[in-house]
Amino acid sequence: MEEFRRAYARLCAAPQEAVLRRLRELGGAPGRGRLDLAAQSLSLETCGALGRLLPGAAPFAEVVLGDCGLSEEGVKLLLHGLCSNTTVKSLDLKGNNLRTVGAEALGKLLRQNKSIRRLILEWNSLGLWEEGFSFFCQGLGANNFLQRLDLRNNQINHQGAGELAVALKQNASLQELDLRWNNIGLLGGRALLNCLHSNKTLKRLELAGNNVPSDILKAVEQAMDHNQDRQTILSETQNRAYILSKEVLSLKDEKTKQFLDLMDTIDKQREEIARNGRMSAARVSQLQEALDEQHSIMNSLKAKLQMTEAALALSEQKVHNLGELLNATKQEQTSMAERHFMELQQQKQEGADREGRLLRDLSAASEKNLLLRNQVDELEKKCKVQQDQLFQVKQDLTNTTAELKLRAVQAEERLEMEKRRFKQSLEDMESLRVKEVDHMTQHIEASERSMQDRIQRLEAIRIALEEELSQVKAAALTERGQAEEELIKVRNQARLEEQQRLEHLEEKLRLMTESRDEAQNCYLKQKQMVAETQAKVNQLSLHADGLRRRLEELQQDLNSKEEEKVTEVNKVKVELQEQIGHLQAERTAQDGLREKIAALERQLKALSSNHREALLDKEGEISMLLEKLRMKEADISRMREEEAQRASFLQNAIMAYVQGSPLGTHSSRK
-15 MEEFRRAYAR
-5 LCAAPQEAVL
5 RRLRELGGAP
15 GRGRLDLAAQ
25 SLSLETCGAL
35 GRLLPGAAPF
45 AEVVLGDCGL
55 SEEGVKLLLH
65 GLCSNTTVKS
75 LDLKGNNLRT
85 VGAEALGKLL
95 RQNKSIRRLI
105 LEWNSLGLWE
115 EGFSFFCQGL
125 GANNFLQRLD
135 LRNNQINHQG
145 AGELAVALKQ
155 NASLQELDLR
165 WNNIGLLGGR
175 ALLNCLHSNK
185 TLKRLELAGN
195 NVPSDILKAV
205 EQAMDHNQDR
215 QTILSETQNR
225 AYILSKEVLS
235 LKDEKTKQFL
245 DLMDTIDKQR
255 EEIARNGRMS
265 AARVSQLQEA
275 LDEQHSIMNS
285 LKAKLQMTEA
295 ALALSEQKVH
305 NLGELLNATK
315 QEQTSMAERH
325 FMELQQQKQE
335 GADREGRLLR
345 DLSAASEKNL
355 LLRNQVDELE
365 KKCKVQQDQL
375 FQVKQDLTNT
385 TAELKLRAVQ
395 AEERLEMEKR
405 RFKQSLEDME
415 SLRVKEVDHM
425 TQHIEASERS
435 MQDRIQRLEA
445 IRIALEEELS
455 QVKAAALTER
465 GQAEEELIKV
475 RNQARLEEQQ
485 RLEHLEEKLR
495 LMTESRDEAQ
505 NCYLKQKQMV
515 AETQAKVNQL
525 SLHADGLRRR
535 LEELQQDLNS
545 KEEEKVTEVN
555 KVKVELQEQI
565 GHLQAERTAQ
575 DGLREKIAAL
585 ERQLKALSSN
595 HREALLDKEG
605 EISMLLEKLR
615 MKEADISRMR
625 EEEAQRASFL
635 QNAIMAYVQG
645 SPLGTHSSRK
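Residue 135 in the numbering used here sits at position 151 of the sequence shown, and the numbers go up by one each step.
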């Protein structure tokens, strides 16, 4: 309020002290939303300043300018500022002698303003000029926000009442209209009564002191009562419809929320299942890659073994005595193969036993599923019995959602336990496999290095021996030539030398046999190591096959759990669809009730229109009978007057006759 006062003082060159004082008093008062300048004579400059301050969101909800002696221009400026105001709800312009310009400004205000609900125009002269009042009535007809209008003592005649009737036919928001102490008369009252047939929002119409007949006043009161009853019925029906729509919307929201929550949980479970599938697929791919690597390592080892076997075959060609040893090794290999075959049969029997156990578990699970299905059938029967009440439906929904959540939690816990076990087993197997592979690779590499070193040494010895043999042969040839030449001379010496050389060669042959024995021993050791590596490789392959079977079993368990979840979700979806169907049936029933209500409203409207028409017909007949009674009474009074005149004439004539007769003279003498 202080800012408003300062703005007023700034806009006015010569602000009025009384207005400033009043604004200061209002600033200190508790009611901050009221601008009360009643009984303050406002100048044109003050009106212009207020008109510039009031547009927009002014800090007032009520403006009181009664008995301010406003001029036509001042009223125009004030109302022009209020046209774009959005906060003022009540406007009081009582006792300002508003006329043509004021009526036109008020019409413009009613056309443009959308916030004023109460307008007091008591003790003005709006009805003096027909053009200005017609413009005011046009603005009233175009307004759909005003609820109370006070037009007491505004010199409104029957033509102004007709303009008001036309405006009331167009207006759909006015509830109270006060037209007391005007000059409406019979014609204006009839016009207002006729407009009430189309106006259903007006609840209160005051017409006292307007020379309106009592029958019209009674008809207006009846129309007002009918409008009030209609408004109460409409408000009750609207409240009921609003309550029903609220309940339906709340039910819809609850159902949609529950359905969305279920769908979210289902989507989350699907995502988790897909994530677990991807993780398991990734693990399987990793295991497959590891197996492929092992296969590649085995292939490389096989290639190396083939190369060693080729080298050994070459050595076998040179050493014929190693065949027997090879036959012995072959027999050992056959015995090892038989032992491996027996182990494989034992593993197959164990796998068959595991399959039997799994089949028994599956049969037990199927029996459990049958029991659960029987329980579900019993629950469905109970649900069908309890579908008559909405509250019990809500309880069933909450119970089913809780069970679903519990089942989902249990399934998630089972999945997590299986995942943990699977992860732990995989990690253990991976660690064991890595350790064994590292150990085997290290051992095989060391054996390969030792074998290669020994082979190289044997090759060097063989080459040296061949060179020595070639040298010995050459020496023997040369010596033979010399011996043939000097056979006779040095036979004894040659024999001695040959004996020495033979001893030397025997020593070399003994050394060669010892080296051959050592090579055979190394070969046997290598064969044993190769057999051990093959056995370990077979064990690793069997272990990998077991891991694959375990992965397949886990995948089957996951698929069965997914199928169980899908069946449970489908059951829940079916239950939800049934409940949604029941809700839709209830909604159709509510729609039928709404249609019945609408039909009853139409019947009420038809009955009210028929009743109104009958009342109007009766009122017209009553008015015609009253007019006939008035005419008869006038005729009777006229006849009485004529008879009285005739009687007076006869009496005068008789008196004159009596006075003029001799009897009259005689009586006068007496």
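For each residue, glycine too, the CB sits at the ideal point set by N, CA and C.
| query | result |
| --- | --- |
| Please report how far the alpha carbon of Ala(-7) lies from the alpha carbon of Asn194, in whole angstroms. | 45 Å |
| I need the straight-line Cα distance from His427 to Gln510, nearest angstrom please. | 12 Å |
| If you count every other CB in all the chains shown that lies within 10 Å of the CB of Glu88, and 16 or more means buried, which is it? | buried |
| As a quick exercise: from Gln523, Leu180 and Lys98, pick the residue whose alpha carbon is nearest that of Val204. | Leu180 |
| Can you list, in chain order, the stretches of the beta strand (DSSP E) that have 3 or more residues and sit fully within the segment 60 to 91? | 74 to 76 |
| Please return the same chain residues whose Cβ sits closer than 8 Å to the Cβ of Ser157, not counting the five positions on each side in sequence. | Asn127, Asn128, Phe129, Leu130, Gln131 and Thr185 |
| For Glu29, name the three-state secondary structure that DSSP assigns. | helix |
| Is it the case that the segment 55 to 72 contacts the segment 30 to 37, given that we only count it when at least three CB pairs across the two stretches are under 8 Å? | yes |
| Please go through the same chain and pick out, in chain order, the residues whose beta-carbon is closer than 6 Å to the beta-carbon of Ala23, but skip the five residues on each side of it. | Asp51 |
| If you draw a straight line from the alpha carbon of Cys31 to that of Glu1, how long is it in whole angstroms? | 14 Å |
| Can you grab the Cα-Cα spacing for the pair Arg533 / Gln333, in whole Å? | 14 Å |
| Thinking C-beta only, is Leu289 closer than 8 Å to Val521? | no |
| Using alpha carbons as the reference points, say which of Gln272, Ile217, Gly123 and Leu535 lies closest to Arg586. | Ile217 |
| Secondary structure at Glu106, three-state DSSP: helix, strand or coil? | coil |
| To which residues does DSSP link Asp162 through a beta bridge? | Asp134 and Glu190 |
| Just list the residues that DSSP pairs Arg18 with in beta bridges. | Glu46 |
| Roughly how many angstroms separate the alpha carbons of Glu220 and Phe375, rounded to a whole number? | 25 Å |
| How about the segment 295 to 315 and the segment 530 to 550: do they share at least three Cβ pairs that are nearer than 8 Å? | no |
| Please determine, among Ala265, Asp380 and Gln436, the residue with the shortest C-alpha to C-alpha distance to Leu296. | Gln436 |
| Between the segment 70 to 83 and the segment 99 to 109, are three or more C-beta pairs nearer than 8 Å? | yes |
| If the criterion is Cβ atoms closer than 8 Å, does the pair Ser172 and Asn141 meet it? | According to the sequence as given, residue 172 is Gly; it is not Ser. Contact: yes. |
| Short of 7 Å in beta carbon distance, which residues of its chain neighbour Lys549, apart from the five on each side in sequence? Order them along the chain. | Gln253 and Ala395 |
| What do you reckon, are the CB atoms on Cys506 and Arg404 nearer than 8 Å? | no |
| Going by alpha carbons, who is nearest to Ser499 out of Arg446, Leu21 and Asn476? | Arg446 |
| Quick check: the Cα distance between Leu82 and Leu112, rounded to an integer number of angstroms? | 10 Å |
| Over what stretch of residues does the alpha helix (DSSP H) that includes Asn223 continue unbroken? | Ser198 to Lys302 |
| Is there contact between the segment 586 to 603 and the segment 207 to 217, where contact requires at least three CB pairs shorter than 8 Å? | yes |
| Considering only heavy atoms of the ligand FMN, does any lie closer than 7 Å to the CB of Asp501? | What this structure holds is no ligand at all, so the ligand FMN is not there to describe. |
| When DSSP labels each residue in this structure, what does Gly111 get in the three-state scheme? | coil |
| Helix or strand or just coil, what does DSSP make of Gly565? | helix |
| In terms of residues, what are the limits of the alpha helix (DSSP H) holding Gln143? | His142 to Gln154 |
| Do you know offhand how far Gln484's Cα is from Phe325's? | 59 Å |
| Taking just the CA atoms, how far does Lys78 sit from Leu163? | 14 Å |
| Leaving out five residues on either side along the sequence, give the residues of the same chain with a beta carbon under 7 Å from the beta carbon of Phe119. | Ala87, Glu88 and Gly91 |
| For Leu309, which residues in the same chain have their Cβ closer than 8 Å to its Cβ, ignoring the five residues on either side in sequence? | Gln504, Tyr507 and Leu508 |
| Give the DSSP-derived three-state secondary structure of Gly53 in the structure shown. | coil |
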